Each structure stands twice: as C-alpha cells, then as structure tokens.
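>
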Amino acid sequence: MSILIQNGRVIDPANGVDEVTNLYIEDDRIVAVGDTPIDFEADETIDASGQWVIPGLVDLGARLREPGQEHKGTIASETRAAASAGITSIACLPNTDPAIDSPAAVDFVCQQAEDAGYAEVHVIGAMTQGLEGKALSDMAALKKMGCVGVSQQLTPGNDLQVLRNAMDYAASQGLTVYFHPEAYSLAEGGCAHEGAIATRMGLKSIPEAAETAALGVLIALVEQTGAHTHFCRLSTARGANMVRRARMDGLPVSADIAAHQAFLTEMDISDFNALCHVRPPLRTDRDMQALRDGLADGSIEVLCSDHQPHEADAKLAPFPATEPGISGLETLLPLALRLHEDDILSLEQAISLVTSKPARILGIDTGTLGKGKLANICILDPDHSWHFDSATMLSAGKNSPFDGWPFKGKVIRTMLAGETVYEA
Amino acid sequence: MTITQHQAGPLPAKLQLREDGSLRHFLSIEGLPRQTLIDILDTAESFVSVHAQSVKKVPLLRGKTVVNLFFEPSTRTRTTFELAAKRLSADVLNLNIATSATTKGESLLDTLRNIEAMFCDMFIVRHADSGAAHFIARHVAPHIAVLNAGDGQHAHPTQGMLDVFTIRKHKGDFTRLKVAIVGDILHSRVARSQIHALNILNTNEVRVIAPKTLLPADVEKLGVHVYHDMNEGLKDVDVVIMLRLQRERMQNALLPSEHEFFQFYGLTNERLKLAREDAIVMHPGPANRGVEIASDVADGPQSVILEQVSNGIAVRMAIMSMVMGAQQ
Amino acid sequence: MTESVNELLDKMTRDCQSWFADNGIDNPQIIGIHTGGAWVAEALRKRLGIESPAGTLNITFYRDDYSRIGLHPQVSPSDIPFDIEGQHLLLVDDVLYTGRTIRAALNEIFDYGRPASVTLAVMIERDGRELPVAAQIIGTRLELENNQQVKITGPDPLEYNIETREASV
Chain V
1 MSILIQNGRV IDPANGVDEV TNLYIEDDRI VAVGDTPIDF EADETIDASG QWVIPGLVDL
61 GARLREPGQE HKGTIASETR AAASAGITSI ACLPNTDPAI DSPAAVDFVC QQAEDAGYAE
121 VHVIGAMTQG LEGKALSDMA ALKKMGCVGV SQQLTPGNDL QVLRNAMDYA ASQGLTVYFH
181 PEAYSLAEGG CAHEGAIATR MGLKSIPEAA ETAALGVLIA LVEQTGAHTH FCRLSTARGA
241 NMVRRARMDG LPVSADIAAH QAFLTEMDIS DFNALCHVRP PLRTDRDMQA LRDGLADGSI
301 EVLCSDHQPH EADAKLAPFP ATEPGISGLE TLLPLALRLH EDDILSLEQA ISLVTSKPAR
361 ILGIDTGTLG KGKLANICIL DPDHSWHFDS ATMLSAGKNS PFDGWPFKGK VIRTMLAGET
421 VYEA
Chain R
1001 MTITQHQAGP LPAKLQLRED GSLRHFLSIE GLPRQTLIDI LDTAESFVSV HAQSVKKVPL
1061 LRGKTVVNLF FEPSTRTRTT FELAAKRLSA DVLNLNIATS ATTKGESLLD TLRNIEAMFC
1121 DMFIVRHADS GAAHFIARHV APHIAVLNAG DGQHAHPTQG MLDVFTIRKH KGDFTRLKVA
1181 IVGDILHSRV ARSQIHALNI LNTNEVRVIA PKTLLPADVE KLGVHVYHDM NEGLKDVDVV
1241 IMLRLQRERM QNALLPSEHE FFQFYGLTNE RLKLAREDAI VMHPGPANRG VEIASDVADG
1301 PQSVILEQVS NGIAVRMAIM SMVMGAQQ
Chain C
2001 MTESVNELLD KMTRDCQSWF ADNGIDNPQI IGIHTGGAWV AEALRKRLGI ESPAGTLNIT
2061 FYRDDYSRIG LHPQVSPSDI PFDIEGQHLL LVDDVLYTGR TIRAALNEIF DYGRPASVTL
2121 AVMIERDGRE LPVAAQIIGT RLELENNQQV KITGPDPLEY NIETREASV
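Chains as they are written, first to last, in our numbering: chain V, 1 to 424; chain R, 1001 to 1328; chain C, 2001 to 2169.
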C-alpha cells in the first residue's frame, strides 16, 4: 500500500528537517521525503495542507497496568489512548503484578500490544527479581526477548553491592539501566514536597535530599561501572544540576522529567487536590523553572508522560490515602507544544523531546521521518484550539489535573508502520 | 510564579463559608476572615454564661442529629463535642469507625453514604489523614455541616479557637501579646491551628520553641519566630503553650530521650520565671508530667489548663450553632 | 396623638399597681426583654419602687427563626439574679407585635424554673399578632401599616418613633 502525505509541514528534528513538503510511504516504511521517488504511485493521498507532519511520539515511561492491575487499565485501552494522542512507541515499566522479570512476562506484554495493534510497546524489564533489589534478574534473556533496558526503584535495603553488580551485569549485556532516583527511607510514607506548603497542610513530606542523595549514590556507581544510565522523572533543581555536571564530566547518563513537572508545582496541591498527588512530588516554582532550564540546555533530554492510569476510587479519599499518579498519555503532546507556545523551547527542541531523543536513549529505530524508517507518523492541526476534558479521555484512567486547560494543536491522524491507527 | 491555569478545587476558606460570609463547615482556621474568628469568640462568650445558670441547655439544635465520626479514637475530644451538642439540645450519635466498617475495607466514601442515609445534620470528624475533613465536606450531601475535630497533622480548629478564647479571657488585646508554643510542632495539628488563629487576630509575636527535628520545614513561613533555646524563647512572653510529646518521637530517632527533652525543653518553675510575671500556662492536653511540663507548673497558679477544658465546651457550642443556623 | 414616654410609663405604673392589688400579687420580680424591654423594665422598676434589680432576658437562643437567619453574636447574655421557682413575674417588653418574642421569652423563663404567674406589660401594642399572646398592661395601642415600624431609643432619654420603610421598587 502506497501512501502520499502531501503538502504538510514536515518537522523532523533528527534530520534537521522543517519544511512544507511531501512524505512517501510504501507499506510500513517511509521511502522518501521531498521529491517523488521514481515509480511511486499513491494508493492513498492524504492532504496535509496547513498541518504538521511529525514523527509518531515516543513515550519513555508509561505504566500499562498489565499484568495484574487491569482494573486500572489494560495494554489495549492504554495503547488506544496513546494512538489518539499521536504516540506510536511506548516504553513500559516493569512494576506490574507480578513484575516483568522474566522472558515470559516480556512476551506476554509484547503479544498483548501486538494483538491490540495501536502502538509499539517496548519493555523496560526488572533489574532484580521481583524488583526486590536482592537478586539479579535474567537480564540477558530479557534482552533477547526484546527488553530495551532494565529498571529499578531503590528499595528499603538499598544494597549498594547489589546495585553495583546489577549495573555491571546490565552494562556487559548492552542494556541501559533506568533508575528512579529516590532514597527509600527519606521518602517513605511521604506524599508532598518538604516545604512551606506541606508544613501548612500537615502532610508527611519528601525532602529534596531523597532525590539528590539517591543521585549521589547512583552517579558514583556510574563512575565506577560505566553503565549507560538513565534517570527517570527528576523533580528538583539540585537533581537537574547534578545530572548536568555528570554529563559535563563525560558520564554516560541521561535524564527525563514527567510532562506535569514542567507545569505544576506544590501550589497545586494546596487545596488537597488528589489529582496532583504524584511521586516524585510536585516541588517549588524554583524547581520547575530549573527543570525547564534543563530541557532548554539539553541536560534533560526527554519529556515523558509518566502515565499512571487509576480507577476512580484510587483518587477518592483524603489526600495522603490516595494513590499517586497522573493519567498522562493524552497530555504529553499538548504540554510539549505548550513549552514551545510559551517560548521556553524552540519547536524543534520541543518535538525532539518526545520523538528523536527518547528513541535514541531507548535504542529503538523510530522517532524520525528519515528514508527507510518505519512509517510511525503523527499529523496534527497546529491551529486547532481546544480545552482538555478529562471526561472524554480514552485512557481507562481519568485522573488528570489538566481538566479545562486550553491547548493549541490537536492530533488528526496517527499512523503506525504505515497503518492508520487513529483518525480524528 | 506558577503558570497553573486550572481552577483548583475550592480553597479551604471558600469551602467553609457561604456567599454571605456565614459559616457552612468548620474545617480549618487558615483563610478565615478575622471577623469570623471574633464572631466565634463573642458567641462562645454567651455560651460560657449558659453554664453559670441553672439552665444548662438551650434549644438551638433541638431535633437535629449530630454524628461524632471518629476514625481515630479519642475519649476527651469526643466527650466535649457530645456535651456541647447535648447542651444545644441535639441528639448525638457516636460512631467509632476505627473499630468497625473501615477496618473491613469499606471506603471512606461508602461509610459516609451509609451514615447520610440515616438523615443526620452534622458530622464531627476526626481522622488520621490530613485533608480528611475537607474531603468529607466536598463529598457530603449539601444539607450536612462538617466540623473538623482533628485531621492528621493538618488542623484541630476547635482547639485552636478555644485556646485563643482562653487567651482573650485572660489577656484581652492580642496586639500586645507575645505567645510561645513549645514542643513537637512538627506533628501537631493543634499548633498549626493555634498559629493561624493567633496571626489572624494580629498577635504581636508568635514564637515556636523546639529542637530542629521537631519543627516542620519552612515553619517561619507560617508567621512565627523560631527558637531552639527555650531560655531565650520564653523571655517576656505573656502566654506559654506546651505541647504533648509522644513516645514515638524517640523511637523514630527524632529525639535522644525524654530526659534530655525535659532538661532542655520542659516547662519548670525556673523557666516559667523567664516569662512575664503574669504569664499564663496552657496545654491542649493530655499533659505528660515530667516530660514537657513539671507537675507543679501544671497545677500551679499560672496554669489555666482546666479552664481550657470548660472553655472548650462553650467554643464548640458556639461553632456548632453558627454552622447549623441559616441552613437553606 | 402620640403621648410622651413619661406619660405612658406613668399609666403603666398605675395599671401595674391595680393589677397586682386585684390579683393578690406581692413582691413581684421584673424581667425585661433585651434591649428595649430591659430599658422599660428598669424605668418601671424605679417607678414601682421595687428594690431588687430587674432580670434581663436575651431570647436569641430561643428564637423560632434561627434556622432561617442563623446566630448572631450576643449583645449580652440573659441575667436572672433571683429564683424563678414559685415567683410572680412581671415580664416587660417595649413593643408587642407578632407575639413570637414573648413566646421565646416564656420558653426561656420556664427553662429556669416554674413561676407562680407571669404578667405581661408592654409599652406599645400594635396589631399583627401571629400567636395567641396578649398583654395585661399596655401603655398605648397603635394602628400601623405593614411597612411601619416602631423604633425605640434609650435608655436615657427613652423615646419611641414611628418609621416608615420605603416600599421596594
């Protein structure tokens, strides 16, 4: 099947392309950008005049809730929501029930994703068995099954020897390690940033040091082991600074932030709004500005959704008793574009944060519109003004605090390997 | 400046007040206008004299049902609320949820719906989670008034009010006063409510005295001066409020020992002399004698601890009648 | 047409004295309803030569419109410096209109104890009764329109005026 996408503004940061031109697709691949290739006859022509044609988004961190938490969402429901939001590749986290620490579990997830057919799902597997931080998982087998990396949250034990060994082993298998830098004992039981707001509200709090202490340990281990390490969901100015310095020192580290961390602060929980209960917590305005600076200067390379869909009951309780997390797939692109609208990033930077850069870190061959690449494409109407309505979300989790937010730019069509998986 | 644009849910004050400024719920002192606090104090004043008369009851809440919803056990606070309700001629229902449905896994919302179905008019709520009273006020049927009897570490507004009521009775003008709050501020919902009340009433100076481990982050932003040295902090104060120190604080490595605490932060007669001669000593109770306060101070002439208890009934009567009046 | 307050008080005093004599009441105690009734009660107490102080009743907690208008902070609380039980009472108010204030006052008095009798004295009675309440001692009767109101000022000098509320547009 040959498809021509005509006259759209093609924006492909990976190849430095930003011009109104044509895109040519043959079956599942892009065969040309620009001039018509010889012998190309379009079976379908899509008129993209006045629209933007960008790579399908790559979301570096989402929880798809299967196996074990199907009351919160399924791979089918969440990838469908992703497709409607222009996302064609998702890296999912291993903290399901049971954890994804075996090749069979990886296979299960991949199979579910394939059956649903809405988006590519790449699995970040568990670094230790059961994610308990004690025994290494079968990382080589996980990689063979298709894992793009292994992940760990720091556990109560925080056994540094185990962490060091895990990083060495992963590195020797060519796996990137993904860490959520949070020192367990400093964060335990907390639900808000340690500061004036949490003090006022009497909420058990999580100090900045929970992130920076963990980063300190982990960066030291990166220096020791040389393992490619990605820090997930930074939240503090100091943390961003530590990553910046580590990169300047030549260490193989990268970092991302959740999209909501670029727009919300601790002020947003001051009326006990459980929709803003997230982990790591929303911090100060100063922290938010520093995270934005990190996106702008490239020390933080990726914006991800940190997607955590919840059933209604999980948020219908007093604040400390609610589960943290925002259902974030459907606001990833809108918030990325907002960063450009609000003059914080250039358009190219904003789009690269959710396409080429996460793809490179994950080691997957997408997030770009180059010749020969998979036709994972998002077409959007850049002028469409709309208001986010959590009631109409496609995700099984309607837990979004962005209800009523005005956005500009809406997805019209999403293509996965040349096939249209969403059309507005 | 945050660029948050979404409309956060109603702020605490907006949830508590009706459009005409009358009290709808009583959840936290923070954000209430000064006049509202003064109205509560003045109304409580008239209820104090009710005690003095041979008629201890007034018919204001006759035919109304007040439910004590205590998710955290408490005999003292619950009893004073019960007494206050009965003196207003209300019917009282005591539910100790700690021992019933929610331990079976019933959600807080379900518990609420079940009780609402029994046609009650007021919920008095004590819960271990900060924000629980706000949550209940947001989800409860519109005709029901919610009073916060203590939520997590966030607020204990009726206690805060009875404390400033007691201060006003003895000292009058807040703008001349120096008030010191001593002890475990970090875990104290009472201290937070007291601080808000004192600041809204334009108290001259509010001090907190504690080791750093017992002070919450950025506590100065609540509008207090911080002292780690009790001898410095007590100088010339008009009111000393001692807070209870719980045993767990030693277990969680926040303090070395009760002995050390009493030595450096306990209120003894020696220390009390550093305050003004006519200073009053308060404690929200129950007091740990020999831990935060010496027995002879607790029982001494400057102590108004027992009076706080009886004032508590008048203040609660005042708040309950203010929220029940003008229900549409 | 309008008599002076002094004339009204003199008339009330005479009527009280006759009433007490006719009904065998010695040593009545006076209770005035806050605020205007307390002023009238004090004036009567002096004229009747009763030495013990008058009681004052603040009926706010007994009003029947609490659920509609709510509670307002008090002017001053009720103060009954004598025992109600078995006592003859002279209950005094400034204006008798709907009768609801008197109903509340009676309820409050009975919460203190069981009086031997209650005699009601009012300085001004106007029609518009909504309850079966009647005064035994009346200073003067006024016929007023719905939009007219009696305004009492005092305690010294004690005066009354008739005000007309403007009709709403």
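Glycine included, C-beta positions come from ideal geometry on N, C-alpha and C. Remember, it's a predicted structure, so these values are computed and weren't measured experimentally.
Using the Cβ count rule (16 or more neighbours within 10 Å means buried), how would you classify C:D2026?
Taking the first residue of the third sequence as 1, we reach residue 2026 of chain C at position 26. C:D2026 is exposed by the Cβ-count criterion.
> Could you give the residue range of the alpha helix (DSSP H) that holds V:G294?
What you label residue 294 of chain V is simply residue 294 of the first sequence in a count that begins at 1. Taken as a continuous stretch (DSSP letters only), the alpha helix (DSSP H) holding V:G294 covers D285 to D297.
> Bridge partners for C:Q2148 per DSSP, in chain order?
Here residue 2148 of chain C refers to the residue found at position 148 of the third sequence. Its beta-bridge partners are C:T2164.
> Please work out which residues of its chain come closer than 8 Å, Cβ to Cβ, to V:R444, disregarding the five sequence neighbours upstream and downstream, and give them in chain order.
Given that chain V is displayed from residue 1 to residue 424, the structure contains no residue 444 of chain V and the question cannot be resolved.
> Going by DSSP in three states, C:D2015 sits in which element: helix, strand or coil?
Translated into the one-based positions of the third sequence, residue 2015 of chain C becomes position 15. Correct three-state label for C:D2015: helix.
> On the premise that R:F1264 lies in contact with R:M1230, defined as a C-beta separation below 8 Å, what is that separation, rounded to the nearest angstrom?
Within the second sequence, the letter at position 230 stands for residue 1230 of chain R. Within the second sequence, the letter at position 264 stands for residue 1264 of chain R. Contact holds; Cβ gap of about 6 Å.
> Under 8 Å, Cβ to Cβ, is there at least one residue of chain V near R:R1189?
Position 189 of the second sequence, counted from the start, is the residue given in the question as residue 1189 of chain R. Closer than 8 Å: yes.
> To the nearest angstrom, how far is the alpha carbon of R:T1004 from that of V:F263?
By 1-based counting over the second sequence, the position of residue 1004 of chain R is 4. By 1-based counting over the first sequence, the position of residue 263 of chain V is 263. At R:T1004, the pLDDT of 33 sits below 50, so the modelled position is not reliable and the matter cannot be decided from this model.
> Throw me the rounded Cβ distance for the R:N1137 and R:V1146 pair, which I believe falls under 8 Å.
As a first step, residue 1137 of chain R must be located in the second sequence, where it is residue number 137. As a first step, residue 1146 of chain R must be located in the second sequence, where it is residue number 146. Per the sequence shown, the amino acid found at residue 1137 of chain R is Ala instead of Asn. About 4 Å; that satisfies the 8 Å criterion.
> Residues in the region 1117 to 1133 of chain R with C-beta within 9 Å of chain D's C-beta atoms, listed in sequence order?
Of the chains in the structure shown, none is chain D; the protein chains are V, R and C.
> How should V:P406 be labelled, buried or exposed, when 16 other C-beta atoms within 10 angstroms of its C-beta is the threshold for buried?
Within the first sequence, residue 406 of chain V is the residue found at index 406, counting from 1. V:P406 should be labelled exposed.
> Evaluate C:L2151 with the Cβ neighbour count: other Cβ atoms within 10 Å of its Cβ, from every protein chain shown; 16 or more gives buried, anything less gives exposed.
Residue 2151 of chain C sits at position 151 when you count from the first residue of the third sequence. Here the sequence assigns Lys to residue 2151 of chain C, which means Leu is not the residue at that position. Flag for C:K2151 reads exposed.
> Compare the C-beta of R:K1221 with all C-beta atoms of chain V and state if any pair is closer than 8 Å.
Reading the second sequence from its first residue, position 221 is the one you call residue 1221 of chain R. At least one chain V Cβ lies under 8 Å of R:K1221.
> Where does V:G216 fall in DSSP's three states?
As a working note, residue 216 of chain V is residue 216 in the first sequence. In the three-state reduction of the DSSP assignment, V:G216 falls in the helix class, which pools H, G and I.
> Shorter than 8 Å from the beta carbon of V:A187 to some beta carbon of chain R?
Position 187 of the first sequence, counted from the first residue, corresponds to residue 187 of chain V. Chain R, which has no Cβ nearer than 8 Å to the Cβ of V:A187, makes this no.
> Let me know the secondary structure DSSP gives R:V1315 once reduced to three states.
Walking along the second sequence from the start, residue 1315 of chain R turns up at place 315. Correct three-state label for R:V1315: helix.
> Would a check of beta-carbon distances place R:H1228 closer than 8 Å to chain V?
The residue labelled residue 1228 of chain R in the question sits at position 228 within the second sequence. It does not: the Cβ of R:H1228 has no partner Cβ on chain V nearer than 8 Å.
> Relative to the C-alpha of R:Q1246, which candidate in R:K1171, R:D1296, R:G1300 and R:S1188 has its C-alpha closest?
Along the second sequence, one-based indexing puts residue 1246 of chain R at 246. The option with the nearest alpha carbon to R:Q1246 is R:S1188.
> According to DSSP, what are the bridge partners of V:W386?
Here the question's residue 386 of chain V lines up with position 386 in the first sequence. The partner list for V:W386 (beta bridge, DSSP) reads V:F407.
> So which residues on chain R does C:Y2062 lean against when the C-beta distance must stay under 8 Å?
Locating residue 2062 of chain C in the third sequence gives position 62, counting from the first residue. Correct list: V1058 and P1059.
> Output, in chain order, the set of chain V residues within a Cβ distance shorter than 7 Å of R:G1172.
Translated into the one-based positions of the second sequence, residue 1172 of chain R becomes position 172. The contacting residues do not exist; R:G1172 stays about 29 Å from chain V at best.
> Do the region 316 to 326 of chain V and the region 275 to 291 of chain V meet, that is, are 3 or more Cβ pairs less than 8 Å apart?
They touch, by the three-pair rule.
> For V:F179, report the span of its beta strand (DSSP E) as first-last.
Taking the first sequence and counting its residues from 1, the one referred to as residue 179 of chain V is at position 179. T176 to H180 is the span of the beta strand (DSSP E), which, as asked, contains V:F179.
> Between the alpha carbons of R:R1271 and V:L186, how many angstroms are there, rounded?
Taking the first residue of the second sequence as 1, we reach residue 1271 of chain R at position 271. Taking the first residue of the first sequence as 1, we reach residue 186 of chain V at position 186. Cα to Cα, R:R1271 sits roughly 36 Å from V:L186.
> Output the residue ranges of the alpha helix (DSSP H) runs that lie fully inside the region 1131 to 1203 of chain R and measure 4 residues or longer, sorted by chain position.
1132 to 1139, 1157 to 1171 and 1189 to 1200
> At 7 Å on the CB atoms, spell out the chain V contacts of R:G1152, in chain order.
Within the second sequence, residue 1152 of chain R is the residue found at index 152, counting from 1. Per Cβ cutoff of 7 Å: G202 and P320.
> Count the other CB atoms, across all protein chains shown, that sit within 10 Å of the CB of V:H387; report buried if there are 16 or more and exposed otherwise.
Numbered from its first residue, the first sequence carries residue 387 of chain V at position 387. Residue environment analysis places V:H387 among the exposed positions, since fewer than 16 neighbouring C-beta atoms fall within 10 angstroms of its C-beta.
> Is the CB-CB distance between R:A1197 and R:L1037 below 8 Å?
For the purposes of this step, residue 1197 of chain R is taken as the residue at position 197 of the second sequence. For the purposes of this step, residue 1037 of chain R is taken as the residue at position 37 of the second sequence. Closer than 8 Å, so yes.
> Please list, in chain order, all residues of the same chain as V:G86 whose beta carbon is under 7 Å from its beta carbon, the five residues on each side excluded.
Here the question's residue 86 of chain V lines up with position 86 in the first sequence. Excluding residues within five positions, the ones whose Cβ falls inside 7 Å are G56, L57, L333, C378, L380, V411 and T414.
> Kindly give me the distance between the Cβ atoms of R:R1126 and R:T1077, rounded to whole angstroms, as I take these residues to be in contact under 8 Å.
Working through the second sequence from its first residue, we reach residue 1126 of chain R at position 126. Working through the second sequence from its first residue, we reach residue 1077 of chain R at position 77. Right, the Cβ-Cβ distance comes to about 7 Å (below 8 Å), so this counts as a contact.
> How about V:I3 and V:G418: do their beta carbons lie closer than 8 Å?
As a position in the first sequence, residue 3 of chain V is number 3, starting the count at 1. As a position in the first sequence, residue 418 of chain V is number 418, starting the count at 1. Contact flag set, yes.
> Looking only at its chain, what residues have a beta carbon closer than 7 Å to the beta carbon of R:Q970, apart from the 5 residues adjacent to it on each side?
The shown model of chain R, from 1001 to 1328, leaves out residue 970 of chain R, and the question about it has no answer.
> Quick one: which residues of the region 392 to 415 of chain V get their C-beta closer than 8 Å to a C-beta of chain R? List them in chain order.
Flagged, chain order: P401, F402, D403, G404, W405 and P406.
> Where do the N-terminal and C-terminal ends of the beta strand (DSSP E) with V:R29 fall, by residue?
Residue mapping note: residue 29 of chain V aligns to position 29 of the first sequence, counting from 1. Per DSSP, V:R29 belongs to the beta strand (DSSP E) from R29 to V33.
> Report the rounded CA-to-CA distance for R:L1095 versus R:R1087, giving the unit in angstroms.
One-based indexing of the second sequence puts residue 1095 of chain R at position 95. One-based indexing of the second sequence puts residue 1087 of chain R at position 87. Distance between the alpha carbons of R:L1095 and R:R1087: 19 Å.
> When DSSP builds the beta bridges, which residues end up paired with V:R413?
In the first sequence, counting from the first residue as 1, residue 413 of chain V sits at position 413. Answer is V:I379 and V:E423, bridged to V:R413.
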